[in-house]
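Participant: Going by the numbering used here, 158 is the number at position 83 of the sequence shown; the sequence numbering is gapless.
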Amino acid sequence: MAPGNEHGNDTGNGTKTYIGEDATPHTIATVKKLFDRCAVVLFDCDGVLVNSEPISLATLVDVLAHFGAPLTLQEVSDRFTGRSSAAPIDHILVETGKDVRAEFKPFFYEKLFARYDTELTKIREIDGVLDGLTKRKVAFCISSSSSVERLEKTMAVTGLGPWFEDRIYSADFVKNGKPAPDLFLHAAADMGYSPKQAIVIEDSVAGVTAAIAAGMKCIGFVGGGHYAGDEVAAANRLYDAGADMVLADMSVLAKAISV
Numbered sequence: 076m077a078p079g080n081e082h083g084n085d086t087g088n089g090t091k092t093y094i095g096e097d098a099t100p101h102t103i104a105t106v107k108k109l110f111d112r113c114a115v116v117l118f119d120c121d122g123v124l125v126n127s128e129p130i131s132l133a134t135l136v137d138v139l140a141h142f143g144a145p146l147t148l149q150e151v152s153d154r155f156t157g158r159s160s161a162a163p164i165d166h167i168l169v170e171t172g173k174d175v176r177a178e179f180k181p182f183f184y185e186k187l188f189a190r191y192d193t194e195l196t197k198i199r200e201i202d203g204v205l206d207g208l209t210k211r212k213v214a215f216c217i218s219s220s221s222s223v224e225r226l227e228k229t230m231a232v233t234g235l236g237p238w239f240e241d242r243i244y245s246a247d248f249v250k251n252g253k254p255a256p257d258l259f260l261h262a263a264a265d266m267g268y269s270p271k272q273a274i275v276i277e278d279s280v281a282g283v284t285a286a287i288a289a290g291m292k293c294i295g296f297v298g299g300g301h302y303a304g305d306e307v308a309a310a311n312r313l314y315d316a317g318a319d320m321v322l323a324d325m326s327v328l329a330k331a332i333s334v
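1) Between which two residues does the alpha helix (DSSP H) harbouring Ser-131 extend?
2) Are the Cβ atoms of Ala-125 and Thr-233 separated by less than 8 Å?
3) In whole angstroms, what is the alpha-carbon distance linking Ala-177 and Ala-331?
4) Terminal residues of the continuous beta strand (DSSP E) containing Glu-277?
5) Is the Cβ-Cβ distance between Pro-256 and Ala-281 less than 8 Å?
6) Which residue comes first and which comes last in the beta strand (DSSP E) that contains Phe-264?
7) Spell out the partners DSSP gives Val-321 in its beta bridges.
8) Assign Arg-312 to one of two classes, buried (16 or more other C-beta atoms within 10 Å of its C-beta) or exposed (fewer than that).
9) Using the C-alpha atoms, what's the distance from Leu-135 back to Lys-108?
10) Check Phe-110 in the structure and name its three-state DSSP category.
11) Going straight from the alpha carbon of Gly-207 to that of Ser-333, what length do you get?
12) Among residues of its own chain, excluding the 5 on either side of Gly-143, which ones have a beta-carbon nearer than 8 Å to its beta-carbon?
13) Could you tell me whether the Cβ atoms of Glu-194 and His-301 are closer together than 8 Å?
14) Check whether the Cβ atoms of Leu-328 and Val-106 sit closer than 8 Å, and answer yes or no.
15) Expressed to the nearest angstrom, what Euclidean distance is found between the alpha-carbon atoms of Tyr-184 and Ala-303?
16) Applying the 10 Å Cβ sphere with the 16-neighbour rule, what's the burial state of Arg-112?
17) Put Leu-117 into one of helix, strand or coil per three-state DSSP.
18) Using the C-alpha atoms, what's the distance from Ile-201 back to Pro-181?
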């Protein structure tokens, strides 16, 4: 990565864009080009549509400690970002020998949703992205590792629900969650699109891995609060997983699709 360009580059029109590992600035034009043959966009939810990851990771630290399988915040982030609740449940089983499938979600959600009511916010400029896609007549949906219950709460708190209506796909719908491609393939097929017509927007290595395995283009996003101060390293992890480009600001995407 070019020295001095770690956090972006001014494209000349006042728009900061994220710099890729090859030191090439992702200008409005290069982002727009990625959308040339795009008919549908599959959004991850946590860390892409809403700034929920700092809340959920901190809550998960407390919940794991409660069940006798403590991890640090960094360990929780490294192991579970972008994955379904099956992953921490399996961790608890390995560490303690306890099967907590029946009690994990109710306990976790009680704590998480209480924080959502006062702390959960949308990612900045995400409404502009969704409005731009709508005007371009590009279809879009949510394809998230979160459960249906959690997604419903997220939509209600943030007011994003009307953008997506019934186009919300959860890991609950498939046997294998991310990093398997099942959820993305299911969502695209259900909406009537092929993988080659799709772009996935993801913030996690598991999600990018799933998108590439599904044969879809992928934009990595590192603008969520859980990557604050770590955008460069996070971007490189997403590139290593196969992302076509990585952005740190949704305003770049909003401008690219509105041109």
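Just so it is clear, CB atoms sit at the ideal spot from N, CA and C, and this is done for glycine as well.
Facilitator: Once the coordinates are examined:
1) 128-141
2) The sequence given here has Val at residue 125, not Ala. Yes.
3) 45 Å
4) 273-277
5) no
6) This sequence places Ala at residue 264; Phe is not what is there. First-last for Ala-264: 257-266, but that is the alpha helix (DSSP H), not the beta strand (DSSP E).
7) Gly-295
8) buried
9) 39 Å
10) coil
11) 5 Å
12) Ile-167, Glu-170, Thr-171 and Lys-173
13) no
14) yes
15) 25 Å
16) exposed
17) strand
18) 29 Å
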